[in-house]
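In what follows, a structure is listed as structure tokens, so that the remarks can point back to it.
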Amino acid sequence: MITLCRYECEACHQHFGQDPSIYERHLLESGSHHYCKPCQREFGSAKALQAHLDQSQKHMCCRWCQSDVDNIRSHNQKYHTQCPRCKVWCANMEGLKEHCLQTHSDVYCAPCQTLFTQTNNLIMHLRSSLHQPKTVRCPHASCGKDFVSTSALIGHFEAGTCPSGVELEDVDEYFGHHCDPQQWFVRKELIFPQRVWEIPSDHPGPFQCPLCKKQFDHPGQIEYHLKSPKHKNYGRKPYICPSERCAHATFYSLSSLLLHRETRTCEMGYRHELPKLLQRLFNIVAQL
0 MITLCRYECE ACHQHFGQDP SIYERHLLES GSHHYCKPCQ REFGSAKALQ AHLDQSQKHM
60 CCRWCQSDVD NIRSHNQKYH TQCPRCKVWC ANMEGLKEHC LQTHSDVYCA PCQTLFTQTN
120 NLIMHLRSSL HQPKTVRCPH ASCGKDFVST SALIGHFEAG TCPSGVELED VDEYFGHHCD
180 PQQWFVRKEL IFPQRVWEIP SDHPGPFQCP LCKKQFDHPG QIEYHLKSPK HKNYGRKPYI
240 CPSERCAHAT FYSLSSLLLH RETRTCEMGY RHELPKLLQR LFNIVAQL
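Following numbering that gives the first Met the number 0, the numbering of the sequence shown begins with 0 at its first residue and continues without gaps.
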């Protein structure tokens, strides 16, 4: 006797014989389907199904609990899990994780179970020490700290946290005037000495930045702000990427340029020269 398979899922390449209940259970439980049981209707996405359920008052049957409820929204809030990004409801936390993998993979870190607002934020997260080994060591003998990238090491110098005493002004001076004489990556005419600002300690506050008008509560805050890369060279961006793909993007600091080179898909112009220029900088720091 030949048995006819009446229920088969072409999308999943599965067969369910002649039992409609097994097939319907598959439609309800599979993450590949978005099925409304009362209407016996499938939708193209979880968002479309959610909109259908929200707009119709007759759908007071929970798709996961398989039971009638008085208020589907209140029921979902109590027993199920909502995606914080697109507001779609999922059966539970495991369902939410699967939803994020399928729908928000461009902004979702599965190992950390974290959703980001922008793709670039995810990229930066994946490049952090949480996911990358620290293989770049500070060249100064009294430091020895390790970093996940060259840009992070340069940021260490610019922030003034290295025992060598190197700060942002030193990085600009060394790289702009001693490491890149061809000016492939820096325009030394846009580099200036750190301006000295007089900040009265007895001022009652708030302290207003004379350049960008931001306000700060304490003198230490505005002092740190005025030494930032944005203000150090009077608002100019001395560092430049030689790539035409990014239209020769410019940056306030060397670390920002390196981060740009590490995270973007620019043509890597002078890619062999840049490590040599940076090594010159590291040699200078090592001798301090």
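Even for Gly, the Cβ is constructed at its ideal location relative to N, Cα and C.
Just so you know, these numbers come straight off a predicted model, no measurement behind them.
Where residue i falls, given that 16 or more other Cβ within 10 Å makes a residue buried
i, result
"I283", "buried"
"D169", "buried"
"T149", "buried"
"D67", "exposed"
"C38", "exposed"
"D105", "exposed"
"R62", "buried"
First and last residue of the uninterrupted alpha helix (DSSP H) at residue i
i, result
"E93", "M92 to T102"
"A151", "T149 to E157"
"I221", "P218 to L225"
"M123", "T118 to L125"
"R194", "R194 -> no alpha helix (DSSP H), and no H or E assigned at all."
"I283", "E272 to A285"
"T262", "L253 to T262"
"E172", "L167 to Y173"
"Q76", "I71 to Y78"
"P228", "P228 to K231"
Contact under 8 Å by Cβ, residue i with residue j
i, j, result
"L257", "I153", "yes"
"C111", "H98", "no"
"H139", "C161", "yes"
"L95", "C108", "no"
"Q101", "G30", "yes"
"F215", "H224", "yes"
Residue of the options minimising C-alpha distance to residue i
i, options, result
"K213", "T134, H103 and H230", "H230"
"E172", "P162, C161 and F156", "F156"
"L210", "H217, A109, H259 and K226", "K226"
"Y233", "E272, H217 and P192", "P192"
"Q286", "V165, P203 and S150", "V165"
"A151", "L114, Y22, S255 and L280", "S255"
"K86", "Y223, M123, K46 and I122", "K46"
"Q181", "P37, K77 and L276", "L276"
"L167", "K144, S141, G143 and R194", "R194"
"S163", "S141, D179 and F174", "S141"
"A50", "C64, Q65, Y34 and W63", "Y34"
"S127", "Y269, I198 and E261", "E261"
Rounded straight-line distance, which links the Cα of residue j to that of residue i
i, j, result
"E243", "F184", "13 Å"
"N91", "E28", "12 Å"
"F146", "D69", "56 Å"
"P132", "H124", "13 Å"
"L273", "P237", "16 Å"
"L48", "E41", "8 Å"
"T2", "N120", "Model confidence at T2 stands at a pLDDT of 41, short of 50, so the residue's coordinates are unreliable and nothing is read from them."
"Y22", "K77", "28 Å"
"F174", "C265", "22 Å"
"V135", "L26", "51 Å"
"C60", "R24", "15 Å"
"C64", "L52", "15 Å"
"G159", "S252", "14 Å"
"E188", "H130", "38 Å"
"L114", "R84", "8 Å"
"I239", "A246", "10 Å"
"C4", "S20", "Residue confidence for C4 is low, a pLDDT of 45 falling below 50, so the modelled location carries little weight; the figure read from the coordinates is stated next. Rounded to the nearest angstrom, the two C-alpha atoms are 14 Å apart."
"H103", "H259", "24 Å"
"M0", "S44", "Unreliable positioning characterises M0 in this predicted model, as indicated by a pLDDT of 39, which lies under 50. The coordinate reading is nonetheless provided below. If you take the alpha carbons of M0 and S44, they lie about 40 Å apart."
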